[in-house]
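In this note's numbering, the protein residues as written are 297 to 445.
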């Protein structure tokens, strides 16, 4: 039982005797490659454009905060934070199809979240739907064409 507490304060590499005692760090074989987080120019441009678009949406939501209920305001801002997190995940390498699915999910949930802010107009809803679909398609095209992913 004391090992559970000791583990929090022990030196790095310390393990209880029940699982083998102290262990040395693994040897570095030299086969590891340096992580290169730099995306291609089209992907970087896409990510910056998405980030600016999301900040614009956040500013529009906050500008209209007096006309929104607290639930609408919270839903819109939570969506903006989730979408910003998705942009950060698109920047990372190694996710492949999961990154693409995340971008599509955020883009497709943009329609109902924008409808919360945009009102009840069917025309405004259609415009938001077209913008979200276009964003998803541009994201798919840029990420699938990138050689660095």
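For glycine and all other residues, C-beta sits at the position ideal for the given N, C-alpha and C. The structure displayed is predicted, hence computed values, not measured ones.
Sequence-distant residues of the same chain with beta carbon closer than 6 Å to residue i, five excluded per side
| i | result |
| --- | --- |
| residue 379 | 350 and 402 |
| residue 370 | none |
| residue 310 | 318 |
| residue 377 | none |
| residue 346 | 383 |
Contact under 8 Å by Cβ, residue i with residue j
| i | j | result |
| --- | --- | --- |
| residue 372 | residue 357 | yes |
| residue 312 | residue 299 | yes |
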